[in-house]
Amino acid sequence: MAGRLAGKVAVVTGGNSGIGRAIARRFSTEGASVVIFGRNEKTLNAAADELGPSCLAIHGDVAENSDLQRLCDGASERFGGIDILVANAGVFEFGRLADMDRSSFDRTSDVNFSGVFFTVQAALPYLRAGGSVILVTSGSNRIGLADAPVYAATKAAVRSLARSLAVELQQVGVRVNALSPGFVDTPIFERNGIDGQEREQFVAQMSEGILMRRFGRPEEIAAAALFLASDDSSYITGIELPVSGGLGQV
1248 MAGRLAGKVA VVTGGNSGIG RAIARRFSTE GASVVIFGRN EKTLNAAADE
1298 LGPSCLAIHG DVAENSDLQR LCDGASERFG GIDILVANAG VFEFGRLADM
1348 DRSSFDRTSD VNFSGVFFTV QAALPYLRAG GSVILVTSGS NRIGLADAPV
1398 YAATKAAVRS LARSLAVELQ QVGVRVNALS PGFVDTPIFE RNGIDGQERE
1448 QFVAQMSEGI LMRRFGRPEE IAAAALFLAS DDSSYITGIE LPVSGGLGQV
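Under our numbering, the sequence shown is numbered contiguously, ending at residue 1497.
This is how it looks when you write it as structure tokens:
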């Protein structure tokens, strides 16, 4: 039986780890040819090996427009165009108002917001009618996040961007939606120095604000991404789909 994305070409930024890798894996199992993009060559190559010959891996940084151009040119040259674009790449850094310096602010903004905007811009000439653009935001765009206000603000900007792009790209037959994960068990915590007992305490504390009392799994986010990418959501555009276990409802 053909998969739900058979014959489609999907580009996933940050497809080398965490949520992005789970999305790329799910899309591949549903029949899509997948282009993954990321900064870490080791994890990028490992993801490409896992996904097999229907995967193209391109090394680069979403904060660099020339890298984004290489990504979209490469996807078109290899597969002929783009049907699904998942702007997933992001960075998370703790930093309260009094502690955040300009370089950290700029890096977070450059990747999480500017990087998303220019990813879609670079892909635009290659997006096929009937396509789907998924902007990955975060549940933090709807709640206060005192330890990471810049991160939360960039994710709120992405949610707003999805509305505007949905209006613009409807003219070319492309849907745009925001996918909003809550707290998810990914390597992002280890990258921020949260591991061992400290990680367990953090998870327990954050889970108190989640109705389901647990963190999500990358595969659960990938299932929602599949819905937004497939024809199952053909009459849906401009929305934010929270996949957060009820984050912020208690």
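By construction, the Cβ of each residue, glycine as well, lies at the ideal position given by its N, Cα and C atoms. As the structure is a computational prediction, the values presented were derived from the model and not from experiment.
Only residues of its own chain outside the window of five on either side were considered, and among them Glu1277 and Ser1477 have a CB closer than 6 Å to the CB of Arg1251, listed in chain order. The closest CA to that of Asp1320, considering only Ala1279, Gly1378, Ile1331 and Ile1305, is found on Ile1305. The beta-carbon separation of Phe1360 and Val1309, rounded to 10 Å, does not stay under the 8 Å limit for a contact. If you draw a straight line from the Cα of Tyr1373 to the Cα of Val1419, it comes to about 11 Å.
Check the Cα spacing between Gly1463 and each of Pro1428, Gln1448, Gly1495 and Ile1486: the tightest is with Pro1428. Scanning the segment 1279 to 1314 for uninterrupted beta strand (DSSP E) segments of 3 residues or longer gives 1280 to 1285 and 1302 to 1306, listed from N- to C-terminal end. DSSP links Pro1489 through a beta bridge to Ser1427.
Within the model, the alpha-carbon separation for Ala1413 versus Val1367 is close to 12 Å. In this structure, the alpha-carbon of Gly1262 lies about 21 Å from that of Ala1399. Residue pairing by DSSP places Ala1334 opposite Leu1382 in a beta bridge. Restricting attention to Gly1492, Arg1375 and Asn1287, the CA atom closest to the CA of Gly1327 is found in Arg1375. For the 9 Å CB-CB criterion, Ala1322 and Leu1303 form a contact.
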